[in-house]
Structures are given as structure tokens and as C-alpha cells.
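> Here it is, the structure, as C-alpha cells.
Protein chains: 2
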Amino acid sequence: MSLDLDRYLVISSDGHAGLPMEDYREYVDPRFRDAFDAALPIQRAMTESAAKSFLIADINEEWRKGIEDDLAGAWDSDARNRVVDADGVTAEVLFPDGVTEMNAPPFGAGFSLGTQGTTKELQWAGCDAHNRWLSEFVSQAPERRIGLACIPVLWDIDLAVEGIRRAHEDGLRGVVFPPMWGEFAPYHHSRYNPVWEVCQDLDMPIHFHSGPSPIQDYFGPMPPKEGQEINQGAVGIYICEVAIWLARPVTFMLWGGVFENHPRLKVALVEGTGIWVPEYLQLLEQRYSDSHYSMKLGDYRSHLSMSPADYFKRNVRIGASCMPRREADMRNEIGVGTIMWGTDYPHPEGSWPHTKDQLKETFHDLPEQDIAAMLGENAVSFYNLDVEKLAPIVARIGPEKATFQQ
Amino acid sequence: MSLDLDRYLVISSDGHAGLPMEDYREYVDPRFRDAFDAALPIQRAMTESAAKSFLIADINEEWRKGIEDDLAGAWDSDARNRVVDADGVTAEVLFPDGVTEMNAPPFGAGFSLGTQGTTKELQWAGCDAHNRWLSEFVSQAPERRIGLACIPVLWDIDLAVEGIRRAHEDGLRGVVFPPMWGEFAPYHHSRYNPVWEVCQDLDMPIHFHSGPSPIQDYFGPMPPKEGQEINQGAVGIYICEVAIWLARPVTFMLWGGVFENHPRLKVALVEGTGIWVPEYLQLLEQRYSDSHYSMKLGDYRSHLSMSPADYFKRNVRIGASCMPRREADMRNEIGVGTIMWGTDYPHPEGSWPHTKDQLKETFHDLPEQDIAAMLGENAVSFYNLDVEKLAPIVARIGPEKATFQQ
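Sequences listed follow chains A and B, in order.
Counted from 1, the first sequence has number 564 at position 337 by the numbering used here; the numbering is strictly sequential.
Counted from 1, the second sequence has number 561 at position 334 by the numbering used here; the numbering is strictly sequential.
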């Protein structure tokens, strides 16, 4: 069976799935269950406090009223299928942190994978618990669910390599790494070579998801002095520079020669917008080719046989969550083959439950082959998907191509 | 006397001046002379070691051969005038760190103003020494020299305000602040309000100069393990993200409401290229006006009566050192009124001694009024210069307009 020629194959490069916090208990290694019981109320309190200072709980709660059944798709297989069917989405890439703050895995697991306030043992225990559950969730609809394993890669390279192999055996099809390395070595360090090796060998794409950034900079040193407001505009700064922190690992990998040495390694940068990509490519190209500017800085290029901009085009993809029309209009500068559209379900900033309308708003009147690439075909290549298995779903729920022409 | 209509007024927004290290001794407060004597050999050794790991000493030394007399323009008034005359430059903005590593002021003064390895007292002593010397240097050709005081603003706000007032009295016409704040409060913090106030009142533009960045990230944790090369591509990463670190203070100031509350405050971002500006403005605009994306993050806008992109256009200028043609072609997106061209003399990556040729390469065949704005008029407004005093110099050494038309 081949694809329905009248409908688009839509693959979301950015979905989230996770259990309600307390339900992770049975997936946690018994050795860490006491720690889990002790940590649960603390995690809940910290989550609520973070929500108060950074997220507007009211909006989240307001938004969730009356759609609780659909949000259960974060962990309930039938609900998930019903919701993505209605959205016209055939398959999804699954990150952790389902309904944002309500579904974080324990012990500092999740897509941020920050190393503050946790330990190697605990963070791995949290990741293992999530990855175990996710494997089950994926197995309930394996053709539609591209599950990503949380891998806290910074602590220990041997553990990371082992964890990636295990995730692959368990049916997960990619990994999530932390975009910020804190006190650990950045991603151009040769200690990560075995990790790049195993990801390339097993064809497990690496994902960095937008979110982490140095929020202590935005909120400043605490406590503020008497009468001084210190964090005015903090959130504006955050949303302005969060994409910079997302792209940083790739800057280090590109110049570090990671894609020179691992030409089939794949990396996705997810929910960080695409508007920075054209200027970033231009900068990489200039910095690689300009000699006068940097002659006094010595040789930083001879270990690279291609321009870093060309590695980017070959090895890196953008998870374009809820991409607006203005970015679709920049598709040739970003790279039509680089963009993988996504919904961000079940997050409130995502396109769900209005995905079909938003798709038309973003893609109307563009060339059919460009739409098809950005909505699904690029993801098919990136994740090496079997289109035959997706075809019946597309025929049933895929958005009709004709509706994209005004 | 008005400007020669056949010649351009050229003002370099990026010049460097400073004494040979040892010659700062007599400008250092006597209380710190013993410390100066003790620190000098250490500073020399550290400078040489930094030059080995980061700068290619050979190229610098090679480049300097035979032009020693002209490089003395870093501190010698007559040599300076001779050199800039020959380059067609009428006036210059003067940063510290003359011939890069050979002329750094003592005790961690300089344009980086990093706070590591120094103290409040020492860094201020170093800045005061440089500022004292610079006042003398400026007084030898006051109409041509826009001297900038080094102000280590992070440590102590009262000291900073006092230092800015003193610099103004001594004939300096702007200040240099550190682009990285380390463990101190970032620039949206209300503790800096008195600083913004005095800079606005005295019309002392604030300058951030490209250079500082988290180099420990590039070179990684030391020492590396056996057989592991850790810093491959480090310099490529550095030159790719150095402009990000330069722009960061402005991101914090924009969202923090600094320009809302100080509408006449002026900031220049120098030698950080201009190619990032169009996308940065677009991002500021989107983040200010998009509501769906950030609704869950609460109100971060109501303290701003304008879009941050509009503050940028009004209050911020780009010191466009050795701007290439490709950026001149982007002038409308960057802002013709935003660009202030510069030579970076006497640094080897600068346009000197080929400034006249480079000017033609960058600006040939552009509208005369655009060239005039970017080469000089924008700086006249920014620094509130007296064109009458500059006119005789322009008539004598300014590049002829006709030579910019092919």
C-alpha cells in the first residue's frame, strides 16, 4: 500500500508523553522506591513553586478545564490515538514531560536533564523509569510512536552508551540529551566519541529540546536588596535567548569535528524556532571561509573537510513546533529539507486541538512537494520510517491536500 | 567652516590606545605602585601564555615587523595623527588595549574588564591609571579623539557613578563596561539605575566591546585525560558565538526597561559584526507581539511602552569595525542610522593601513547619503561632535567622494 495521493502524511516532530508523577513509582527500580517516596512531595512542591514564578498557573489551569480527557493522551494510549487522529497527525516523536509540570519523570529526568539537585544514580533511575514506561507506551502503537529515551549523557560515558543500546533494544528510536552541560565537558570534547559512535551505529538520532537556559541570570542573585526589583523583563529575556542555548551544543559539535568523524550522525533541535537558522548558516560559512578576520587566531579549520554550514545541512534537523507562516516563507533559507513540523501536544502553546487550521494558516498555497517534505517526508528520512505501515492511517485521517489551496 | 562637499567625514568607532605595560607605572596611584611592580612580570607572563594558546604569536610578530613606528600610534600622539591622516580618518573612538596583548592596562583593566583574578581595589586602580593617561592623550588632539573611560561597573555602583563623573570632567566622552557580569548582577537589575541615570545626564554613551566569552567552555575542563584532545575547533566556536556574548547586555537592558526609563541613554556594541542585527530585531518584535507562544509565561511586557526592537533602533548603535560589503548590502535591514564604521587600528585584523581601499571595497556605488551616515554622520550624532572643528581635517585628509563611484 502506498500513500494516499490526496492526503498529507503528517508527523509531529514534537510530542510529549509522561505519566502523572506518582504513577512512575512502579517503573522505578525497587532500590530507588524509598527515595522516590521521599522525593515525590518535594518534586510536587518545587514544581508548584516554579509554576508560580515562571508559568502562569491560572492560564494553564484555565486552559485545561473541560479537556482533561484529551490531555490524558499524555499517558493513555487510546486517548492519544483519538486525539492525534482528530488532529490529522499520523505519527509523533515522543519527548518526556507530558502536560508540562504535571508529568515530569522523577529525580531530574525529563527533557532538560539538568544536573543540579540530583545525582548520577538518581537521575539515571528517573530516566530508566521513564524509558521503561515509554517503551510500553510505544509498543501499544509502534508505527505511530517514535519514542525518545532520556539519556543523562554528561555523568558517565559508559553508562550512556549502555543506556542507548538498551533503549534501542526496547524499541525506542532516538535519544534526548541535555542542551546545557553545567560543570561537565561541552559537546566538542573527545570523551563523547563513544556516544556519537553508538548513536550513528544504531541510527538513534540525538535530540535537544528547547527550554533550559541560565535562569539564575534572569532572576538575578537572591535575595534582592530592599526596594529593588530585580527581575523585570526576565521572561522577555528568556524567550529571546532560549534558542541560543538550544543551538549551542550543535555549534560545539560542528566545530569540534563530530560530524566530520561521524558523517551519519543525526541531531534534531526541537521547539527552538527556525528564524535563526539562515543567519547561523551564514555565520558558520563566513567564519569558515574568512581568513583576514581570524588569521591571528590560528588554524581551527584543517580538521574539517567541509564547511560547518554544510555539516548542518546534512546532519541537523529543526523540530519546527507550531511553525508560523513567516517561517514557512523562509523555508528556502532555512532549508526545506531541514524543517520537520511539530504540534507540541499536549502543551498549551502547541497547535492542538487546532492543528488542521494552523497547518492551513502556515502552509496554504505553498508547493505541494514543499508541504509534504516539511510535514512528513523529512521525518520519514530522519527516523527511517516505514511508509507502508503509515499509509492506512494517512488514508483515514491525513489532512486533504486540496484544503491547502485557497 | 562647513564640511568639504567633495570628501567624506570618516570617524572610526573602534580605535585602540594604550601605553606599553610598564609605562602605566607613573599613572598608577602611588598606593598601588608596589602591587604594580609585583604584578607586571606576572601580567607579562600571563599575556604571553594566553597569546600562545589563543593568538598566533608568529602572525602578530610577523605582521608587526617594519611597522613599529606606526604602531607607536597606540600611545604616541604625533604617530597617531600621522597614521590616521594617512588612513583618511578624521576622528576616532578610543578603547584601551592598544596593540592587543602588548598594551593592556594593569590589574585587569582593559575593554574586557573581567573580574576573575583581580579585586575591586586593583581593577579600579588599573582603570584609573588608564583613564588618567587617556585624558592626557585626548587633550593632545581633543577634536580627533573620543576617549572612553574604563569603568568596572560591576563591583560598586557608587564608585562607578563617581568614576563616570570624574571621566567626564577629565574630557573623556563615553565609558566601557564589561559585557560579561560573571557572578555579579546582570544589566536588567535595578542596582544599575544610578549608573544609567548619570550616563544619560552627562551624555556619556556606554560601550561594550567584543572579545569576552566563556572560553573555559571552549577549552574544557583541565587537564584533559590521557590521549584525549579536547579543544579541537575551540577557536571556531569562539568566533561563532562571540557576538552573542556582546549582544547579551543589551537584551537584558531592553527587556529590563532600561531604555524605557532612560530614553536618552546611548549604547554601542563594537566589533561584533552587524549580520545578527536583522534577525535579532525580528526576534525582539515577535517576542513582544506574539501572545499565543508565551501566554503561559505571564506578563513581561506591560512595563514597556514600545517594542524592544524600537528601543534598539533609538538607543543602540553598532560599531561596525572593518565592515565587509555584504553587511553594507544589509544596511537597510540593520538600520542605516545604526551603523558606525570603524578601523580597529592598531589591531592586525583591522583595516589599517589599507583603510582607503577597504572603504571603497565596502561602500562603492552606494547612495552618498548612506555612505556619509555610516562613515561619520551617525557618530557625529551619537557623540554630539562639533563638525565645525572637524571640517579643516576633513578638507585635508578625508577620502574623496568621487573615488567611491566606479
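Quick reminder that beta carbons are idealized off the backbone N, C-alpha and C, glycines included.
Cβ of Gly315(A) within 9 angstroms of Cβ of Gly335(A)?
If you number the first sequence from 1, residue 315(A) lands on position 88. If you number the first sequence from 1, residue 335(A) lands on position 108. Not in contact: Gly315(A) and Gly335(A) (Cβ atoms no closer than 9 angstroms).
> Specify, as a first and last residue, the run of the beta strand (DSSP E) that Phe404(B) falls within.
Stepping through the second sequence from its first residue, residue 404(B) is reached at position 177. Where Phe404(B) is concerned, there is no enclosing beta strand (DSSP E), given that its DSSP letter is neither H nor E.
> Whose Cβ in chain A lies nearer than 8 angstroms to the Cβ of Cys354(B)?
As a working note, residue 354(B) is residue 127 in the second sequence. By Cβ distance, chain A contributes nothing, its closest Cβ being about 23 angstroms from Cys354(B), past 8 angstroms.
> Using the Cβ count rule (16 or more neighbours within 10 Å means buried), how would you classify Glu595(B)?
The residue you call residue 595(B) lines up with position 368 of the second sequence. So Glu595(B) counts as exposed.
> Mind reading off the beta-carbon distance from Ile238(A) to Ala606(A)? Whole number of angstroms is fine, and I expect it under 8 angstroms.
To locate residue 238(A), count along the first sequence from 1; it is residue 11. To locate residue 606(A), count along the first sequence from 1; it is residue 379. That pair is a contact at about 4 angstroms.
> To the nearest angstrom, how far is it from the Cα of Gly483(A) to the Cα of His416(A)?
As a first step, residue 483(A) must be located in the first sequence, where it is residue number 256. As a first step, residue 416(A) must be located in the first sequence, where it is residue number 189. Roughly 7 angstroms between the two C-alpha positions.
> Taking 9 angstroms as the threshold (C-beta atoms), are Arg552(B) and Glu498(B) in contact?
One-based indexing of the second sequence puts residue 498(B) at position 271. One-based indexing of the second sequence puts residue 552(B) at position 325. Their beta carbons are not under 9 angstroms apart, which means Glu498(B) does not touch Arg552(B) by this criterion.
> Note down, in chain order, every chain A residue with its Cβ under 7 angstroms from the Cβ of Asp444(B).
In the second sequence, residue 444(B) corresponds to position 217, counting from 1. Result: Pro413.
> Taking the beta strand (DSSP E) that Val326(B) belongs to, which residues open and close that run?
Against the second sequence, residue 326(B) aligns to sequence position 99. Val326(B) -> no beta strand (DSSP E), and no H or E assigned at all.
> So which residues of chain A does Leu182(B) contact, with C-beta pairs closer than 9 angstroms?
Here chain B covers residues 228 to 633 and nothing more, so residue 182(B) does not appear.
> For Asp597(B), which of Leu267(B), Val621(B), Val255(B) and Ile561(B) has the nearest alpha-carbon?
The sequence position of residue 597(B) within the second sequence is 370, counting from 1. Among Leu267(B), Val621(B), Val255(B) and Ile561(B), the Cα nearest to that of Asp597(B) is on Ile561(B).
> Starting from Leu496(A), follow the beta strand (DSSP E) in both directions and report where the run begins and ends.
Position 269 of the first sequence holds residue 496(A). Where Leu496(A) is concerned, the enclosing beta strand (DSSP E) stretches over Val494 to Val497.
> Do Phe435(B) and Pro406(B) have their C-beta atoms closer together than 9 angstroms?
Numbered from its first residue, the second sequence carries residue 435(B) at position 208. Numbered from its first residue, the second sequence carries residue 406(B) at position 179. Yes, the pair counts as a contact, with Cβ atoms nearer than the cut-off.
> Considering Cα atoms alone, identify which of Ala318(B), Arg514(B) and Lys292(B) is closest to Gly463(A).
Here the question's residue 463(A) lines up with position 236 in the first sequence. Nearest of Ala318(B), Arg514(B) and Lys292(B) to Gly463(A), Cα basis: Arg514(B).
> Verify the CB distance criterion: does Trp382(B) have a CB-CB separation below 9 angstroms to chain A?
Taking the second sequence and counting its residues from 1, the one referred to as residue 382(B) is at position 155. By this cut-off, Trp382(B) is not an interface position.
> How should Lys493(B) be labelled, buried or exposed, when 16 other C-beta atoms within 10 angstroms of its C-beta is the threshold for buried?
Here residue 493(B) corresponds to residue number 266 of the second sequence, with the count starting at 1. Buried.
> If you follow the beta strand (DSSP E) that Met567(A) is part of, which residue opens it and which one closes it?
Counting from 1 along the first sequence, the entry for residue 567(A) is found at position 340. Note, Met567(A): beta strand (DSSP E), Ile566 to Gly569.
> Identify the contact partners of Trp503(B) in chain A, using a Cβ-Cβ distance below 8 angstroms as the criterion.
Working through the second sequence from its first residue, we reach residue 503(B) at position 276. Near Trp503(B) (Cβ distances below 8 angstroms), the residues of chain A are Glu506 and Leu510.
> So Ile471(A) contacts chain B; which residues on that side make the cut at Cβ distance below 7 angstroms?
Counted from its first residue, the first sequence places residue 471(A) at position 244. Here the neighbours are Ile471.
> Ala272(B) to Ser304(B), Cα distance in whole Å?
The residue given as residue 272(B) occupies position 45 in the second sequence. The residue given as residue 304(B) occupies position 77 in the second sequence. Rounded to the nearest angstrom, the two C-alpha atoms are 28 angstroms apart.
> So, helix, strand or coil for Val310(B), using DSSP?
Reading the second sequence from its first residue, position 83 is the one you call residue 310(B). Val310(B) falls in the helix class under three-state DSSP.
> Mapping DSSP to helix, strand and coil, what is Glu319(A)?
Stepping through the first sequence from its first residue, residue 319(A) is reached at position 92. The answer is strand: DSSP assigns Glu319(A) an E or B state.
> Only counting the same chain, and skipping five residues up and downstream in sequence, which positions put a Cβ closer than 7 angstroms to that of Asp430(B)?
On the second sequence, residue 430(B) is found 203 positions in, with the first residue counted as 1. Closer than 7 angstroms at Cβ, skipping near neighbours: Asn611.
> At least one CB of chain A closer than 9 angstroms to the CB of Pro535(B): is that the case?
Taking the first residue of the second sequence as 1, we reach residue 535(B) at position 308. Chain A, which has a Cβ nearer than 9 angstroms to the Cβ of Pro535(B), makes this yes.
> Given a cut-off of 9 angstroms on the beta-carbon distance, is the pair Trp360(A) and Leu232(A) in contact?
Taking the first residue of the first sequence as position 1, residue 360(A) is located at position 133. Taking the first residue of the first sequence as position 1, residue 232(A) is located at position 5. No, the pair does not count as a contact, with Cβ atoms beyond the cut-off.
> Output, in chain order, the set of chain A residues within a Cβ distance shorter than 9 angstroms of His530(B).
The residue labelled residue 530(B) in the question sits at position 303 within the second sequence. Simply Gln459 and Gly460.
> In three-state terms, what does DSSP make of Asp241(A)?
What you label residue 241(A) is simply residue 14 of the first sequence in a count that begins at 1. Looking at Asp241(A) - three-state DSSP - the assignment turns out to be strand.
> Who are the Cβ neighbours of Ala461(B) in its own chain at under 6 angstroms, not counting the five residues just before and after it?
Within the second sequence, numbered from 1, the residue matching residue 461(B) stands at position 234. Within the same chain, Ala461(B) has close Cβ partners Tyr445 and Phe446.
> Report the CB separation of Gly293(A) from Pro573(A) in whole angstroms; it is logged as a contact under 8 angstroms.
The residue you call residue 293(A) lines up with position 66 of the first sequence. The residue you call residue 573(A) lines up with position 346 of the first sequence. Incorrect: roughly 14 angstroms between the Cβ atoms, too far for contact.
> Let me make sure I understand the geometry here. Which of Ser532(B), Met567(B) and Leu531(B) has the alpha-carbon closest to that of Val543(B)?
Numbered from its first residue, the second sequence carries residue 543(B) at position 316. With distances taken between Cα atoms, Val543(B) lies closest to Met567(B).
> Given that Phe176(B) touches chain A, what residues does it touch there, using C-beta distances under 7 angstroms?
Limits of chain B in this structure are 228 at one end and 633 at the other, which puts residue 176(B) out of reach.
> What residue from Ala495(B), Arg623(B), Ser516(B) and Trp503(B) has the CA that sits closest to Ile466(A)'s CA?
Translated into positions along the first sequence, residue 466(A) becomes position 239. Of the listed residues, the one whose Cα sits closest to Ile466(A) is Ser516(B).
> Tell me which same chain residues have a C-beta within less than 8 angstroms of the C-beta of Ser344(A), skipping the five on either side of it?
In the first sequence, counting from the first residue as 1, residue 344(A) sits at position 117. The displayed chain sequence assigns Gly, not Ser, to residue 344(A). The answer, listed in chain order, is Gly335.
> Using 9 angstroms as the threshold, is the C-beta distance between Leu473(A) and Leu496(A) below it?
Residue mapping note: residue 473(A) aligns to position 246 of the first sequence, counting from 1. Residue mapping note: residue 496(A) aligns to position 269 of the first sequence, counting from 1. The answer is yes: Cβ separation under 9 angstroms.
> Provide the residue span of the beta strand (DSSP E) that contains His436(B), from first to last.
For this step, residue 436(B) is matched to residue 209 along the second sequence. Note, His436(B): beta strand (DSSP E), Ile433 to His436.
> Report the residue ranges of all alpha helix (DSSP H) runs contained in full by the segment 580-611 of chain B; include only those spanning at least 4 residues, in chain order.
Counting whole runs of 4 or more residues, the segment 580-611 of chain B contains the alpha helix (DSSP H) stretches 582-590, 595-599 and 605-610.
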